Each structure stands twice: as C-alpha cells, then as structure tokens.
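Written below as structure tokens is the structure these notes are about.
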Amino acid sequence: MASSSAGPLNIYRNDYEIELQMRQIQQEKGDCLTQGHISILPERVHLDLQQNDFTEMVGIWEQWRRAHRDNFQNKYGHIAWLLYVPVDDQMLRAIVQFWDPSYRCFVFNKVDMTPTIEEYSSLLRIDHMQPDKIYWRAQKTGHRRKLAKLLGMTTVEVDQHLKKKGDIECLPWSFLNGYIKKHMEDEQGLLAFAMAIYGLVVFPKVLGHVEVSVIDFFDQVTRSINPAPSILAETFRSLNFCRRKVTWRAPWMPRMQVMYKCGDKPWVPLMGPWGAISYAPIMVRRQFGFEQFVPMTHQLDQLEFTYGEPETLKRIEEIAQDWKKTCRVDQGRVTDEVTTGYHTWHDQRVKNVIHPPKDPSKHPVNPEPQDVLLESELTRKRLEKEMMNMKRRHEDELEEVKKETARKVRVALKERDEWQSKFEEHEVQRKGQTIQELKNDCDMLETAMKGYKAQYEAVRQEYFQMRERNNSCTQSLQRKEAEMQWILRQMREVAFRARVMADKTEELRREILPKDELSERLISHLKMVRDQYDKVGFSF
1 MASSSAGPLN IYRNDYEIEL QMRQIQQEKG DCLTQGHISI LPERVHLDLQ QNDFTEMVGI
61 WEQWRRAHRD NFQNKYGHIA WLLYVPVDDQ MLRAIVQFWD PSYRCFVFNK VDMTPTIEEY
121 SSLLRIDHMQ PDKIYWRAQK TGHRRKLAKL LGMTTVEVDQ HLKKKGDIEC LPWSFLNGYI
181 KKHMEDEQGL LAFAMAIYGL VVFPKVLGHV EVSVIDFFDQ VTRSINPAPS ILAETFRSLN
241 FCRRKVTWRA PWMPRMQVMY KCGDKPWVPL MGPWGAISYA PIMVRRQFGF EQFVPMTHQL
301 DQLEFTYGEP ETLKRIEEIA QDWKKTCRVD QGRVTDEVTT GYHTWHDQRV KNVIHPPKDP
361 SKHPVNPEPQ DVLLESELTR KRLEKEMMNM KRRHEDELEE VKKETARKVR VALKERDEWQ
421 SKFEEHEVQR KGQTIQELKN DCDMLETAMK GYKAQYEAVR QEYFQMRERN NSCTQSLQRK
481 EAEMQWILRQ MREVAFRARV MADKTEELRR EILPKDELSE RLISHLKMVR DQYDKVGFSF
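Per the UniProt record's numbering, the very first residue in the sequence shown carries number 1; after that it's consecutive.
So, in structure tokens, the structure goes:
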C-alpha cells in the first residue's frame, strides 16, 4: 500500500510488509558490524555541561503579552519552553556511558532506546511544518547576507557585530538582546528571539554567542523546514530518562504515521548545522507502540561526517535525494511485544558490548603509567600554585586600583565643590549687575513715559480744538453750499429767460426792413442784443 503526493514522495506501508522486508534484507546483507566485533562503551566520557545564562531570555519571554507569545508559538513552535527545562548533570553523566555509537541508540540491558524525530516534533509542537522539508547545508552558507536580510540590516552593519572566537565566527547575545528589546512589539523581535533560542539553547557552541552555522539553519527554519531532524542530529543532552518500569510509548505522543527509512537506506539520515549522522527508528519501534522485530541495520554506522570533509557536498546531495522518498508506517494497535528471534538477536548484541565497570579503579581501561600520573599531579599542583599567586596579585592590583580610584574620587569631589563655590559667587555678582541694569532701564522708561504723557495731553487738547473748529466750519460750509445752490437755480432761470428773449429779438429783427440808416442801426443793435442773450442762455 503506497501513496504519493506533490513534492517529496511519501511511501506508507503496513507493519507486516515492513517486517518481511527488514527480515529479508538483514538475512541477506547482515548486520552493520562485522562478525566478532566488540562494542566497548566508554568508561570515561567528556561532558561539557556549561550552560548559557537564560535569565534575560526568560525575562523577555515573560514580559511579552499572551497574544505576542501565542503568535511566537504559532510561528516557531514551543521552543521557548526549553528555557525552563533544567539540565540534570548527574543523569547525563550516567546515561551517556550507555550510548552505542554503532547502532545510534542507548543500550540498557535488553532494551534499546533513542530519541526520535516524531518525539521531538511532538514535544516542541513543530509538527505543523512540512515534515519532509529538511535543513539543507549549502557549500557556502552566506550567513552575512542572510543575517542582514533577517534583521533588516546592511552587511556592513552585520560585520560590525560579528565576532571571532578562535576560528569560530559568531554573533553575541548582547547584540541580539538589545535588538529584541528595540523591537519588542513587532515581528523582528520574535524572529531575533527565536534565533537566539536556536543558537543558545538548542545548538549552543560558544557561551553567550550564536554560531554562524545556526544563522544559516534558522534562515531555513523561517522558510518552513522541519527542524526536528537537525535537532536530533546534534543533541541528545535533553534526554529525560526515567528508571521506573518502562512505559514504551510516551503518553503525550499523538497517534501518527511514523517515518522509519529514507530512500533505499534502511535508516534515516539527519543533517544538523555542523554535520550529518544516521539513526534507525526501526530499532526502537516499541517507543511508538509497535511490536518490535529484528531491525535492518545494514550500513547504519557508515554515515557520520562533519561538514568540510572530503566529498561532503556529494554526500549532502545524496541525503537530500533520500529525503525526497520518505517511508512511513501507519500506527496499529499499541503493544510492547517482540517477535520470535528478537531477544536472541539482542542478547547476542549485548554479549558483545562491554559496559563500564561499577568501580573504575578496580578495572581501569588503558591504565596510565605511574610516572605519567605523578607528572600530571605535579603539573596540576604547579598550576594551582600559579593560579593562587595570580589570584593574590590580581587581588592586590584590585585593591590598589580601588585605593587610587577612591583618591581620584575625593580629588574630583573637592574640585567639584571649589568650582561650585566659584560658580555660585560669580552667579551672585552677575545677578546683582543685571538687577542694577534693569533698575536704570526702568528709571529711563519712567522718565520717557512722563514726557509721552505730557505730549499726549497737548495733542489731545489740540485735537479737541480742531474738532470744534471743524464742526463750526462744517456748518458754515453747509450754509455756503445752500446759497450756491440757490444762486445756481437763479442763474438757470435767467439763462432760460435770456434764450427766450434772444428768440424774440431774432423774430423782431427779421420783421424790420432795412430801408434807411435808422433801420440799419436798429437791426444791428437787435443783433447785438440777441448775441448777448445767446451768451447768457447757452452758458448753462
């Protein structure tokens, strides 16, 4: 039974089909280890249990409103709750000794256990992302350009904040802390906080810094890759194991289709920020509630490399192709049973595993020569003595610095008091001079005001006099105006009468015949009179 969809090919098989396939391949190709191989679990392991201080990150998370935190969890899952998970140092020191690097699992007597992609996805609530879209490590990460794009900065600004710790390039938490507080209420603050969690909590490498490989990884997280395979590839320190009676399937695990292989490989390849490794979920089927059978482990131990090794790019491309053909199985009824032959196979494996002795002093592994131990002890004591001397010198220097600082503070306080006294004296003098100048200005203004008042009274009297004269002139003007109007009316009447008389004179002149000299003179006189009447009559 198989089904496919757009994008990566997802093959779903039933449980019986998988068991037959695994059994056949295991019989044909054999185990991942050669016959007679003995796995020696380490007696001593080096654990770097230093942790970043998450106090400021917790403070930022608790300062956000509920809606802001919900928005963060919708985007990035429940990774913020890792800030509250305490690291059990003693449990880690004990459990790491049971890690079998060949089979990629913990070996507890007859029990194999390992964290799985599905458990990580369920715990961190990142199952809403595309499950088969995984982190892809490019040959060049381009972290400067990606960081600039993520934070809305230029590459020049990014270069100002990137630091070198030995050969490792990283981004300080102090910068991210300031950036988050500057963008507390917007999406950029959420993004920078998620980057800090991945760099300081999930993938810590340098205390107080985010390594640049994590920036490349987080850039792909923002593009909806599934981070669970990469987390599983890089860290097992968050494992929480209970020594009570085993409950195979975690109660918080939802029923789901479980991935058991990719491509033609009998296991699942994982890529993290710094390297790749394989893991075989088929070995721990009981953790998902399946019946456990003899798993297929052929070539399981052949995939483990760090980026930068020969043929890295080719192997990365092979992993990417394998993830395009993921195989899953539908979860059936929950059971903790095993098939016939599993216990025999597992017992044979356990016989070839040497566990660390309960008392390492009685059964030392590769004991060191006595002279080497003595030299180491002497070296340790010499270093302790040098450290004590350095501590004393440091304390003495610190005391001298404190004394010198106290002396400088006293001198500075004395100088401050002297300058303050001088300043106050100068301020009093300046204020007194200013007050005198203001008083003189006030006297001048008062004198000027008196002069202006006298001028105002004189102008005021003259104004009233002129107004009275103006009233009198106005009345005389009105009378003269009335007289002129009367004269004009009389003149118009005279002019009218003159025109009438001129017309009558002209009629009379026409009636007189010029018979003698007297008649001529009379006609001439009448013409002259008519002309005079015309002048008077036509002047208005």
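Every residue gets a Cβ at the ideal spot worked out from N, C-alpha and C, and that includes glycine. From a predicted model like this one, the values you see are computed outputs, not experimental measurements.
Note down, in chain order, each residue of its chain lying with its Cβ closer than 6 Å to the Cβ of residue i, except the 5 sequence neighbours on either side.
| i | result |
| --- | --- |
| Ser174 | none |
| His143 | Val212, Ile215, Asp216 |
| Ala482 | none |
| Ser238 | Because Ser238 sits at a pLDDT of 37, beneath the cut-off of 50, its placement in the model cannot be relied upon, and the following sentence gives the value as read from the coordinates. Closer than 6 Å at Cβ, skipping near neighbours: no residue. |
| Val401 | none |
| residue 541 | Residue 541 lies beyond the range of the chain shown here (1 to 540); nothing can be said about it. |
| Gln429 | none |
Would you kindly check if the distance between the Cβ of residue j and the Cβ of residue i is under 9 Å?
| i | j | result |
| --- | --- | --- |
| Ile79 | Tyr179 | no |
| Ile303 | Pro266 | Here the sequence assigns Leu to residue 303, which means Ile is not the residue at that position. It is not a contact, given that the beta carbons lie outside the stated cut-off. |
| Arg104 | Thr114 | yes |
| Glu185 | Glu211 | no |
| Ser224 | Lys133 | yes |
| Tyr307 | Gly263 | no |
| Gln191 | Leu147 | The question names Gln, but residue 191 in the sequence shown is Leu. No; because the gap between Cβ atoms is not below 9 Å, this pair is not in contact. |
| Leu162 | Leu171 | yes |
| Phe72 | Ala194 | yes |
| Gly208 | Asn52 | yes |
| Val201 | Glu234 | no |
| Arg65 | Pro273 | no |
Mind reading off the beta-carbon distance from residue i to residue j? Whole number of angstroms is fine, and I expect it under 8 Å.
| i | j | result |
| --- | --- | --- |
| Trp61 | Arg69 | 7 Å |
| Met271 | Tyr76 | With a Cβ gap of about 19 Å, Met271 and Tyr76 do not count as contacting. |
| Arg145 | Thr154 | The Cβ separation is near 10 Å, so there is no contact. |
| Met259 | Thr326 | 6 Å |
Provide the residue(s) that pair with residue i in DSSP beta bridges, ordered along the chain.
| i | result |
| --- | --- |
| Trp81 | In the DSSP output, where bridge partners are listed per residue, Trp81 has none listed. |
| Val258 | Val329 |
| Ala276 | Met271, Phe305 |
| Ile168 | Lys165 |
| Cys105 | Asp100 |
| Met113 | Phe106 |
| Leu209 | According to the sequence provided, residue 209 is His. The question's Leu does not apply to it. His209 pairs with Pro172, Val206. |
CB-CB under 8 Å to residue i, same chain, minus the five flanking residues each way: which ones, in chain order?
| i | result |
| --- | --- |
| Asp322 | Cys262, Gly263, Asp264, Lys265, Pro269 |
| Val58 | Leu83, Tyr84 |
| Val459 | none |
| Thr447 | none |
Between which residues of its own chain and residue i is the CB-CB distance below 7 Å, once the five residues before and five after are set aside?
| i | result |
| --- | --- |
| Trp252 | The predicted model places Trp252 with a pLDDT of 45, which falls under 50 and marks its position as unreliable; any figure quoted below should be read in that light. Cβ neighbours of Trp252 beyond the five flanking positions: Ser122. |
| Pro204 | Asn52 |
| Phe305 | Gly275, Ala276, Thr312, Arg315 |
| Gln63 | none |
| Met528 | none |
| Glu56 | Asn177 |
| Asp417 | none |
| Glu493 | none |
Return yes when at least one heavy atom of the ligand COA lies under 8 Å from the C-beta of residue i, else no.
| i | result |
| --- | --- |
| Gly275 | Among the ligands in the structure shown, none appear at all, so the ligand COA cannot be discussed. |
Check your understanding: Given 8 Å as the limit, is there contact between the region 217 to 230 and the region 115 to 124, that is, 3 or more CB pairs closer than that?
Key -> yes
Review point. Are the region 212 to 222 and the region 89 to 103 touching, with three or more C-beta to C-beta distances below 8 Å?
Key: no
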